[in-house]
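Trainee: My structure is below; once you've seen it, I'll send some questions.
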Amino acid sequence: MTKLLTGNVAIVGGSLAGLATGIGLARRGIPVHVFEQNTGEERGGTALGVDRGLITETTGVDARTDGITPALPVVDEGYREVSTWLGIYRWLRAVADATEGLCLHESARVDLISSDNHLAQLSGPNVDTAADVLIGADGYRSMVRRAVSPTRPFAPYGGFLIWRALVEESWLSKQTVAKSSLGGGRSPHPEAARLVVYRVPGPNGETTRGKHNITLAWYDASRTQWLRDRGYLVGDEVMGSILPAAVDDELRSELLAIVAKRWQGAAREIITAAIEHKAIFGTPLAEYLPETLTSGRLGLVGDAAHVASPMVGAGFASGLEDGTAFIAAVSRSGGTVARAGLQALRRYNGLRLAPNRSRVLESLAETRTLLRSVQTR
């Protein structure tokens, strides 16, 4: 029998945007149930730019000072602050665990979503419930998006495989650790189109030199057929990432040969260390230009709503801005979530659709430019 969460918001996806939005709603008096298919820290990731003021605004908890949990660890690059997915997740999870009115359901995969004028329904192997409003925060392969935009359910492939890793400074020479600039930039070679390298907090949030992690993002435009042959790309739909365990000895040798040919100095040492320590993994680039963020009692935030290349940055910030806008829309609508849900979602769509489309259009233009630069050699 369906359990009715009267007056509640259900969030599908307990990663960063989902947790932050759930915390913000619960701390403003709206009960929230978050459904996450994974358990604990099973997910992974590398580095993200962060705006601690925006995190504070969304969650209602100051990320800049010790309080419910120690302050969020960041490295200041001079023009922005950066952290890691895991560091941000641990901070949000600690806040979520201390937030009354927020219930996190793990190992709770959602397979079916529907909505009418009265309720949103969600079900899966361990889920069978309903809510007054359902928010999809379930990433670039969002299940909720399939219900919101059934004619455009997935984020199409953008032409690049991005090799990623976090490299511990302890793996590197003292000379490289001492460098202020670690290399990177663009090249005319498809297999090494672009490289981004910078420092982030260490494995346990360390922010002192010698204990940092170094993140890398290597844009490889030569892998489209390779991805198709291995089932990571079906048509234009990205089916998943290349996990570290899938990078076998043959592929490691191939990648090491490319690194030796295309990079020098600190960049070469950092990428080589990532490969040799079996830390490297691959994420096919996906991009999604939304036509709407809502349908009935369903809404989308973060990568479920819009997907852009890391080249344009601010992905995490956009997800937080979505969450903040939805919280504001609910608050301004007044009354209960049950009565105000449709109005709040319409208000939210009006606030966030245009800026999200603008960011993705910028991403699509940047991607085309980079692809042209390596295809016209």
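Yeah, the sequence shown ends on 383 if you go by the working numbering, and it's all consecutive.
Backbone N, C-alpha and C fix where the C-beta goes; we use that ideal spot for every residue, glycine too.
Relative to the C-alpha of ARG358, which residue among GLU297, ARG345, ARG236 and SER315 is closest?
Mentor: In the sequence shown, counting from the first residue as 1, residue 358 sits at position 352. Answer by Cα proximity: GLU297.
Trainee: If contacts are defined as beta-carbon pairs under 8 Å, then GLY145 and SER228 qualify, I think. What distance do you get, rounded to the angstrom?
Mentor: One-based indexing of the sequence shown puts residue 145 at position 139. One-based indexing of the sequence shown puts residue 228 at position 222. No, GLY145 and SER228 are not in contact; Cβ-Cβ is about 26 Å, not under 8 Å.
Trainee: If you count every other CB in all the chains shown that lies within 10 Å of the CB of THR214, and 16 or more means buried, which is it?
Mentor: Mapped onto the sequence shown, residue 214 falls at position 208. The residue is exposed, with fewer than 16 neighbouring Cβ atoms inside 10 Å.
Trainee: Just the Cα atoms here: how many angstroms apart are ALA310 and SER148?
Mentor: Your numbering for residue 310 matches position 304 in the sequence shown. Your numbering for residue 148 matches position 142 in the sequence shown. Taking the straight line joining both Cα atoms gives about 5 Å.
Trainee: From LEU239 to LEU377, what does the alpha carbon distance come to, in whole angstroms?
Mentor: Translated into the one-based positions of the sequence shown, residue 239 becomes position 233. Translated into the one-based positions of the sequence shown, residue 377 becomes position 371. Distance between the alpha carbons of LEU239 and LEU377 is about 18 Å.
Trainee: Which whole-angstrom value is the C-beta distance of PRO207 and THR90, which I expect to be below 8 Å?
Mentor: Start at 1 with the first residue of the sequence shown, and residue 207 comes out as number 201. Start at 1 with the first residue of the sequence shown, and residue 90 comes out as number 84. The Cβ separation is near 6 Å, so the contact holds.
Trainee: When the Cβ atoms of the region 280-292 are set against those of the region 180-192, are three or more pairs found closer than 8 Å?
Mentor: With a cut-off of 8 Å, the region 180-192 and the region 280-292 do not count as touching, because too few Cβ pairs lie within range.
Trainee: Pick from ARG115, ASP122 and VAL307: whose alpha carbon is nearest that of LEU348?
Mentor: Along the sequence shown, one-based indexing puts residue 348 at 342. Cα-wise, what sits closest to LEU348 is ASP122.
Trainee: Of all the options TYR163, TRP97, ASP138 and GLY216, which has the alpha carbon lying nearest to the alpha carbon of PRO76?
Mentor: Position 70 of the sequence shown, counted from the first residue, corresponds to residue 76. Nearest option by C-alpha distance: TRP97.
Trainee: Assuming the contact rule is C-beta atoms closer than 8 Å, LEU167 and ASP255 should be a hit. Round their C-beta distance to whole Å, please.
Mentor: Counting from one through the sequence shown, the residue named residue 167 turns up at place 161. Counting from one through the sequence shown, the residue named residue 255 turns up at place 249. With 8 Å as the limit, LEU167 and ASP255 do not qualify as a contact, their Cβ atoms being about 19 Å apart.
Trainee: Could you give the uninterrupted runs of the beta strand (DSSP E) lying entirely in the region 128-208, keeping only those of 3 residues or more?
Mentor: Listed in chain order, the complete beta strand (DSSP E) runs (minimum 3 residues) inside the region 128-208 are 133-142, 163-174 and 200-206.
Trainee: I think TYR163 touches LEU291, with their Cβ atoms under 8 Å apart; what is that distance to the nearest whole Å?
Mentor: In the sequence shown, residue 163 corresponds to position 157, counting from 1. In the sequence shown, residue 291 corresponds to position 285, counting from 1. The pair is a contact, with the Cβ atoms about 7 Å apart (cut-off 8 Å).
Trainee: Can you give the Cα-Cα distance for ALA252 and ARG338, rounded to whole angstroms?
Mentor: Locating residue 252 in the sequence shown gives position 246, counting from the first residue. Locating residue 338 in the sequence shown gives position 332, counting from the first residue. Distance between the alpha carbons of ALA252 and ARG338 is about 48 Å.
Trainee: Give every residue of the same chain whose Cβ lies closer than 6 Å to the Cβ of THR230, excluding the five residues on either side of it in the sequence, and list them in chain order.
Mentor: Taking the first residue of the sequence shown as 1, we reach residue 230 at position 224. Cβ within range, chain order: n/a, list empty.
Trainee: So ASN355 and HIS312 are supposed to be a Cβ contact under 8 Å. How far apart are they, rounded?
Mentor: As a working note, residue 355 is residue 349 in the sequence shown. As a working note, residue 312 is residue 306 in the sequence shown. Not really, about 12 Å apart at Cβ, beyond 8 Å.
Trainee: Can you list, in chain order, the residues of its chain with a C-beta nearer than 6 Å to that of THR71? Leave out the 5 residues immediately preceding and following it.
Mentor: Counted from its first residue, the sequence shown places residue 71 at position 65. Closer than 6 Å at Cβ, skipping near neighbours: ALA77.
Trainee: Under 8 Å, with one C-beta from each stretch per pair, do the region 114-121 and the region 260-268 reach the 3-pair mark?
Mentor: These segments do not touch.
Trainee: Straight-line CA distance for ALA16 to THR62?
Mentor: The sequence position of residue 16 within the sequence shown is 10, counting from 1. The sequence position of residue 62 within the sequence shown is 56, counting from 1. Using only the alpha carbons, I get a separation of about 22 Å.
Trainee: Which residues bound the alpha helix (DSSP H) around ASP328?
Mentor: If you number the sequence shown from 1, residue 328 lands on position 322. Unbroken alpha helix (DSSP H) run through ASP328: 321-339.
Trainee: On the criterion of 16 or more Cβ atoms from any shown chain inside 10 Å, does ALA335 qualify as buried, or is it exposed?
Mentor: The residue given as residue 335 occupies position 329 in the sequence shown. Buried, since its Cβ has 16 or more Cβ neighbours within 10 Å.
Trainee: Using the C-alpha atoms, what's the distance from HIS124 back to VAL67?
Mentor: In the sequence shown, the residue the question calls residue 67 occupies position 61. In the sequence shown, the residue the question calls residue 124 occupies position 118. Cα to Cα, the separation comes out at about 32 Å.
Trainee: Taking all protein chains shown into account, do 16 or more other C-beta atoms lie within 10 angstroms of the C-beta of GLY237, making it buried, or fewer, making it exposed?
Mentor: Working through the sequence shown from its first residue, we reach residue 237 at position 231. Exposed, since its Cβ has fewer than 16 Cβ neighbours within 10 Å.
Trainee: For PRO290, name the three-state secondary structure that DSSP assigns.
Mentor: Against the sequence shown, residue 290 aligns to sequence position 284. In this structure, PRO290 counts as strand in the three-state DSSP scheme.
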